[in-house]
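Numbering (the working numbering), first residue to last: 1438 to 1850. All remarks here apply to the structure that follows.
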Ligand code: GLY
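Here's what the structure looks like:
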């Protein structure tokens, strides 16, 4: 009887919630329907939570990777964002399962990528569903901090390995991507009250400013250090066009990384640095009109000659990297909130997002049934994942949509 009397209230409240979600959405109905359809397709076939959707194979089928792959946190992260954007429990249920299967990573110190893996999954679960993942995140930060050295003043990205040429040795390679792992360290200090993680993050960011960046605020992909003296031994690329070029995703990782350093420290030097990187990206002579970069900013410059086998004839159109654009877009929405240059940064972020949400990048053609965006690049020098969907492009696009929505509502991220 009670339930029957409450029924109208329940129905009206549900309608109001649904309307509020739609009203505040930055997506139109066609975009939202398409995005939901892609997730529906993926969730219908991806039943093994230890296998994480990453891209598609040539025949259009879903390609997955295991939990130790650097991209294992993005699919749960995407589900968390979908939950936040739609309020639909289907996404939350999937997010919890794909997140919690990563549990053992908290004890893993095999490389630097645990920030991506654990913060996009557990971090968002804590933020968006209030789940108690504190101990797991702090333990992950502890594992990551084992890769920090007082000699190099940086976190080692990869263990000893040969460079892409198979000859040059890297003893303590640090890649620009590593800036993204600092979010986990900053959060772990807040959660645990132990400043050790934050101190490592700040020092790593300062060392990277000094050794990865050039005078024009573009950056090297890899810097290798002497493990005893901390001296820089090599500055190079792994996934970019040449050692001296500006690999597009690397520039985006760096921008995002320094914005988050400012978020946690309020140290103006990080804000200035992020603004300078944004300036480099947004005013680059080779940045296309729609602000979605080619996979490397210098790929069309004759003065940059790669040492690897590169045949321009193989690429009648230079591939864009939608993932770099999505990361940049999300970072710019945050940077706009701190910068005196707010309007320009917001309008650039809007322009990138509008391009990504257009048929030029959204996978409306049906070839890709599982991801939102097409046209990203994994690594052209390695000949892998060229002009394909990538789970992390979708992650940063969804994050940028969430961020824009929060800005519209005048609420924090
Ligand atoms: N972190 C690896 C990449 O950006 O490809």
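Just so you know, even glycine gets a beta-carbon here, dropped at the ideal spot from N, CA and C.
Any non-hydrogen atom of the ligand GLY within 7 Å of residue i CB
i	result
residue 1815	yes
residue 1688	no
residue 1507	yes
residue 1676	yes
Strand pairing of residue i, partner residues [DSSP]
i	result
residue 1493	1499
residue 1672	1660
residue 1733	1684
residue 1650	1656
residue 1725	Bridge partners of residue 1725: none, in fact.
residue 1610	1661
residue 1598	1607
residue 1799	1810
residue 1585	1592
residue 1816	1821
Burial state of residue i (16 or more Cβ within 10 Å)
i	result
residue 1803	exposed
residue 1841	buried
residue 1731	buried
residue 1745	exposed
residue 1735	buried
residue 1603	exposed
residue 1556	buried
residue 1676	buried
residue 1777	exposed
residue 1618	buried
residue 1805	buried
residue 1482	exposed
residue 1666	exposed
residue 1484	exposed
residue 1742	exposed
residue 1818	buried
residue 1467	exposed
residue 1460	Caution applies to residue 1460, whose pLDDT of 46 falls short of 50 and renders its modelled position unreliable; the model cannot decide the point.
residue 1529	buried
residue 1656	buried
residue 1737	exposed
Beta carbon of residue i nearer than 8 Å to that of residue j
i	j	result
residue 1844	residue 1522	no
residue 1848	residue 1767	no
residue 1491	residue 1479	no
residue 1561	residue 1594	no
residue 1770	residue 1750	no
residue 1527	residue 1826	no
residue 1609	residue 1559	no
residue 1763	residue 1833	yes
The ligand NAP heavy atom lying under 7 Å from the CB of residue i
i	result
residue 1614	For the structure depicted, the ligand NAP is absent and the ligand set comprises only the ligand GLY.
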